[in-house]
Each structure stands twice: as C-alpha cells, then as structure tokens.
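S.K.:
Numbering (this note's numbering), first residue to last: 19 to 97.
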C-alpha cells in the first residue's frame, strides 16, 4: 500500500494522509477519519468471547475478576 492512492482503508491498515489546515499536534495515532455523519460512536456493546485453553496457547489461570480489560484489534462487526 505504500506510495499508492486508495479510496478506503480499514482497521489494521497503515495509511498516510495529507490534511490541509490541520496541524500535526491537533491529531494523534488511532483517531478516526470519516465522512461527517457516517460513524456513530458507542460506549458499550454485547458480545461473546472464547478464551483459549492452556493447550490452545491461552490462559493457564482462571479469570477471577468479574470485570476485566479485553483489547480488541482488527475486528469486523456485523449488525
């Protein structure tokens, strides 16, 4: 994707964007660039998580807390 023009990018893609009238200190990595009104932020969601067993390369101790932090990356969500 380097040195190529693209019409769109998605989660996990690395892109460089030239923005006129925007200073470098006004933006940061991870922010969303989208057409106004096309993205609707949410503060919660419901999902199912499968935790790998020790044999599958996952945790070898039980999750003791009722609440934990789960980091998600490159996810596709269907409505």
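Even for Gly, the Cβ is constructed at its ideal location relative to N, Cα and C.
#1: Can you give the Cα-Cα distance for residue 34 and residue 42, rounded to whole angstroms?
#2: Any idea what DSSP makes of residue 44, helix, strand or coil?
#3: Cutting at 8 Å between CB atoms, please list the residues of its own chain near residue 69, excluding the five before and the five after it.
M.R.: With the given structure in hand:
#1: The straight-line gap from Cα to Cα measures roughly 12 Å.
#2: Helix.
#3: Residues of the same chain with a CB within less than 8 Å of the CB of residue 69, apart from the 5 flanking positions on each side, are 76, 77, 81 in chain order.
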